[in-house]
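Sequential numbering of the sequence shown, starting at 88, is according to the working numbering. Glycine is no exception: its CB is placed at the ideal position from the N, C-alpha and C atoms.
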Amino acid sequence: MTVSYFVRYEISVPDLPAFLERYRALHVPLVSTWPGLQRMVLHTPLDWKDPFPVNRGKAVLVAQLEFDSERAMNQAFASRERAAAREDFKNFMTFEGTVIHQAMRAEEVWRSPWLDANEEQA
């Protein structure tokens with residue numbers, strides 16, 4: 088089982104491209120030093136079409152941090168590297184809105200067979 092820690096930015100900023108570039112250039116390198124962190128994925132919105140009525144999210148950025156266990160994640164949260172990343176948060180561009188933090192267990196419930204076939208060929 089892996090766990091993911093999601094940080095969802097439902098915010099508005101005067102210059103979103105500058106916000107995202109600063110996040111990638113300065114904040115990601117700080118977060119990448121967290122002990123036990125296996126992977127960090129940034130999700131940004133795109134314009135998409137759905138023929139069904141759905142509630143379109145308002146997030147401009149979702150950061151996904153992956154750990155191999157809840158224990159590893161909690162150890163990372165208690166680290167000085169995490170404290171440094173939290174300090175950097177104070178230097179973010181001024182924004183309005185909400186930042187939501189949530190940790191979740193990951194359970195793969197379906198996998199395309201071609202993914203395993205590609206791994207066997209590699």
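Is it buried or exposed, residue i, if we count other Cβ atoms within 10 angstroms and call 16 or more buried?
i      : result
Phe154 : buried
Trp121 : buried
Ala163 : buried
Ile98  : buried
Ala193 : exposed
Within its chain, find whatever has a CB closer than 6 angstroms to the CB of residue i; leave out the 5 residues flanking it on each side and keep chain order.
i      : result
Met191 : Ser91
What residue from the options has the CA that sits closest to residue i's CA?
i      : options                           : result
His114 : Ser199, Ile187 and Glu168         : Glu168
Glu174 : Leu124, Val196 and Val118         : Val118
Thr89  : Pro140, Arg126 and Ser99          : Arg126
Arg111 : Trp135, Arg143, Val149 and Asp137 : Val149
Gln151 : Leu103, Leu129 and Pro116         : Leu129
Excluding the five sequence neighbours on either side, which residues of its own chain have a C-beta within less than 7 angstroms of the C-beta of residue i, listed in chain order?
i      : result
Val100 : Phe106, Met180 and Phe182
Rounded to the nearest angstrom, how far is the Cβ of residue i from that of residue j, given a contact under 8 angstroms?
i      : j      : result
Gly123 : Ala159 : 4 angstroms
Ala146 : Arg109 : With a Cβ gap of about 17 angstroms, Ala146 and Arg109 do not count as contacting.
For residue i, report the span of its beta strand (DSSP E) as first-last.
i      : result
Ala190 : Glu183 to Ala193
Ala150 : Leu148 to Phe154
Hey, quick one: how far does the alpha helix (DSSP H) through residue i stretch, first residue to last?
i      : result
Phe176 : Arg167 to Phe176
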